[in-house]
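Colleague: Numbering (the UniProt record's numbering), first residue to last: 1 to 483. Beta carbons: idealized from backbone N, C-alpha and C, even for Gly. Just so we're clear, the structure is a prediction, and the values are computed from it rather than from any experiment.
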Amino acid sequence: MYEGERTYMCRKCKHMFPVYPELETRNSIVLPPSCPSQRSKPCEGTNFHYVENTIICHDYQEIKIQESTQVLGVGVIPRSTLVILKDDLVDIVKAGDDVIVTGILTAKWSPDLRDVRCDLDPVLIANHVRRTNELKSDINLPDDVIMQFKQFWLEFKDTPLKGRNAVLRGICPQVFGLFTVKLAVALTLIGGVQHVDASGTKVRGESHLLLVGDPGTGKSQFLKFAAKLSNRSVITTGLGSTSAGLTVTAVKDGGEWMLEAGALVLADGGLCCIDEFDSMREHDRATIHEAMEQQTISVAKAGLVTTLSTKTVSLVQQILKAIMILINLFLSIPLSLNPEWDAVVSSHILAEGEPGKEKDEHLAHIWPLAMLRRYIHFVKGYFRPVLTKEAEKVISSYYQLQRRSATQNTARTTVRMLESLIRLAQAHARLMFRNEVTRLDAITAILCIESSMTTSAIVDSVGNALHSISLKTLIKNMPSKKG
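Right under this line is the structure:
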């Protein structure tokens, strides 16, 4: 709140006149040098007193906006400025929102004090504020691009897995193989369908992915490429991050407290990549529990109590045991000691370094990055897959089988696992450009889950799925289990 108007009275002629505080001088009140009476005989009174109960107050809020990191070049520090919101514009934005502000740029002076230098700060008095968080989720693609996607799947109508593999070849093409990891990255970025029951309880549709492995296996490459595929992404490392840096922090500016959004809040509606997460202190790592499961962050700092939205996908490298149950996919990337595999990988890397050399067959016709971003953005907003009876039966049978198995970790075989299967199956249906979840989508989701459960015996006979070039062979050779 701030004073928009105050009434004073001249002690000599009893003339009453309003005085308006100036925002440019930090709402300080400057009285006129003489009585502003417009009578026939001017009043020369210079002594005024305040009239009780004549203050008119307005809603007032100061926010600080910062340039979006998505439009800045490499190594450019984002600039920030102060924005003043009044009346109906107050409390329409939260920390981490993307906004478009229209207003009048002016200067804000500090009060005149003896022997103190007068400071000048630029400030924007807003006339209109528009949130762009919702705009990013809208489908705004040219019709020719959408027709190109539809024509692509018409060509692979009889062999949909080949079409899917053609799409996945564009994900992190500099890393050879690791097909399951690329599939998991695509499914994590696309995500499932958010469900809201009759009581208003929301079940998240976003998935979380954990990559664990030896150094030099390409984990950071997948994180950086996934950040490029997302319309909104934040990359951070565990070594330089704290709980306040991941969530929200309270800072004191000009004698008042304000909230500054952290990585998870800034990535709301997008992707948050955390590299070397195990380098963080244990109590700092525990702060992301609520953000991952409930997709909110509750804040109570310096008298500021609020709840911030964190509808973000978490792509993490290395993690602690306490939040393993919140991870949908847990993929271990081993450092293979297979000579044949080493020969293939070395040939792939050497071919990349020679522009004139013919590329491998699996690198032909790779989708460019811009096309992949458009495709993921389109299928994520256009399709809302529904489970078929066959898919429900496959997922239910697998979940019941895992519950009865004595070798599985009971901490991971919970209802969260069933929800993860549904989310992954829906994401795979979106990836396959359709509005219903088929048995193939359910089986693929099961194989992704099995890849993260190393103690399971269901896929032991088909080898390591992480080093497979296609899951089609796994589906054909997958042994059937009754029960």
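Rounded to the nearest angstrom, what separates D360 and V167 at their Cα positions?
Modeller: Low confidence applies to D360: its pLDDT is 48, below 50, so where it sits in the model is not reliable, and the reading given next is rough at best. Answer to the nearest angstrom: the Cα atoms are 16 Å apart.
Colleague: Tell me whether E436 sits in a helix, a strand or coil according to DSSP, three-state version.
Modeller: E436 falls in the strand class under three-state DSSP.
Colleague: Thinking just about the alpha-carbon of each residue, which of F152, K380, F156 and D87 is nearest to the one in A126?
Modeller: Residue D87 is the option with its Cα nearest to A126.
Colleague: Could you please give the first and the last residue of the uninterrupted beta strand (DSSP E) stretch that includes H49?
Modeller: First-last of the beta strand (DSSP E) with H49: F48 to Y50.
Colleague: Looking only at its chain, what residues have a beta carbon closer than 8 Å to the beta carbon of L431, apart from the 5 residues adjacent to it on each side?
Modeller: The residues are R164, V167, A186, L187, I190 and V379.
Colleague: Leaving out five residues on either side along the sequence, give the residues of the same chain with a beta carbon under 6 Å from the beta carbon of P368.
Modeller: Counting only Cβ-Cβ distances below 6 Å, and skipping sequence neighbours, we find nothing.
Colleague: Classify I449 as buried or exposed, calling it buried when 16 or more other Cβ atoms lie within 10 Å of its own Cβ.
Modeller: The residue in question, I449, is buried, as its Cβ has 16 or more Cβ neighbours within 10 Å.
Colleague: Can you give me the C-alpha to C-alpha distance between D59 and K94, rounded to a whole angstrom?
Modeller: Going by the C-alpha atoms only, they are around 16 Å apart.
Colleague: Does the stretch 264–277 come close enough to the stretch 228–236 to have 3 or more Cβ pairs within less than 8 Å?
Modeller: The stretch 264–277 is in contact with the stretch 228–236.
Colleague: So what does DSSP say about I235, is it helix, strand or coil?
Modeller: Reduced to three states, the DSSP call for I235 is strand.
Colleague: Using DSSP bridges, identify the partner residues of H128.
Modeller: BP columns for H128 point to T102.
Colleague: Should H128 go down as buried or exposed, given a rule of 16 or more other Cβ atoms within 10 Å for buried?
Modeller: Exposed, by the Cβ-count rule.
Colleague: With a threshold of 16 other CB atoms inside 10 Å of the CB of Q426, please say whether the residue is buried or exposed.
Modeller: That one is buried.
Colleague: Would G192 count as contacting chain B if we go by Cβ distances under 9 Å?
Modeller: The displayed structure is made up of one protein chain only, and chain B is not part of it.
Colleague: Are the CB atoms of M258 and E24 within a distance shorter than 9 Å?
Modeller: No, the Cβ-Cβ distance between E24 and M258 is not below 9 Å.
Colleague: Once the 5 residues before and after A227 are set aside, which same chain residues still bring their CB inside 7 Å of it?
Modeller: Only S233, I235, L271 and C273 meet the Cβ criterion.
Colleague: Using DSSP's beta-bridge definition, name the partner residues of F17.
Modeller: Paired residues: Y8.
Colleague: I believe I84 touches E3 by the beta-carbon criterion, under 8 Å. Please report the beta-carbon distance rounded to the nearest angstrom.
Modeller: No, I84 and E3 are not in contact; Cβ-Cβ is about 14 Å, not under 8 Å.
Colleague: Would you mind stating whether V203 and P385 have Cβ atoms separated by less than 9 Å?
Modeller: Result no, Cβ atoms of V203 and P385 do not sit closer than 9 Å.
Colleague: Is the closest heavy atom of the ligand ADP to the C-beta of L124 under 8 Å?
Modeller: Of the ligands one can find in the structure shown there are none, so the ligand ADP has no counterpart to examine.
Colleague: In chain order, what residues of the same chain have a beta carbon less than 7 Å from the beta carbon of A457, not counting five sequence neighbours either side?
Modeller: With a pLDDT of only 35 at A457, under the threshold of 50, the placement of this residue in the model should not be trusted; the figure read from the coordinates follows. Nothing listed; no residue qualifies.
Colleague: Report yes if the CB atom of L141 is closer than 9 Å to the CB atom of K108, and no otherwise.
Modeller: Contact: no.
Colleague: Thinking C-alpha only, which one of K14, P21 and R39 is nearest V51?
Modeller: Out of K14, P21 and R39, K14 has the C-alpha closest to the C-alpha of V51.
Colleague: Based on the DSSP output, what are the partners of Y60 in its beta bridges?
Modeller: Answer by DSSP bridge pairing, in chain order: K86.
Colleague: Quick test of your reading: T287 and T247, contact by CB under 8 Å. State the CB separation rounded to the nearest angstrom.
Modeller: Sure, about 5 Å apart at Cβ, within 8 Å.
Colleague: Distance check for F383 and T159, CA to CA, integer angstroms please.
Modeller: Each residue's Cα considered, the two are about 20 Å apart.
Colleague: Please say whether R374 and E206 have beta carbons closer to each other than 9 Å?
Modeller: No, they are not a contact pair.
Colleague: Keeping to the same chain, check which residues put their C-beta closer than 6 Å to that of P33; ignore five residues upstream and five downstream.
Modeller: Around P33: no qualifying Cβ.
Colleague: Our contact map puts S243 next to A263 with C-beta atoms below 8 Å; I'd like the distance itself, whole angstroms only.
Modeller: That pair is no contact at about 11 Å.
Colleague: Below 7 Å CB to CB, which residues in the same chain sit around R403 once its five sequence neighbours on both sides are set aside?
Modeller: Hits under 7 Å: T413.
Colleague: Tell me the DSSP secondary structure of C118 in three-state form.
Modeller: The answer is coil: DSSP assigns C118 none of H, G, I, E or B.
Colleague: Does the Cβ-Cβ distance between T310 and V265 come in under 9 Å?
Modeller: In contact: T310 and V265 (Cβ atoms closer than 9 Å).
Colleague: The beta strand (DSSP E) with L23 in it runs from where to where?
Modeller: Note, L23: premise wrong, no beta strand (DSSP E); not H, not E.
Colleague: Leaving out five residues on either side along the sequence, give the residues of the same chain with a beta carbon under 6 Å from the beta carbon of R6.
Modeller: Taken in chain order, the residues that qualify are V19 and I55.
Colleague: Please state if the CB of L308 and the CB of T296 are separated by a distance shorter than 9 Å.
Modeller: Cβ distance < 9 Å, so T296 and L308 count as in contact.
Colleague: From what residue to what residue does the beta strand (DSSP E) around T307 run?
Modeller: Taken as a continuous stretch (DSSP letters only), the beta strand (DSSP E) holding T307 covers L304 to S309.
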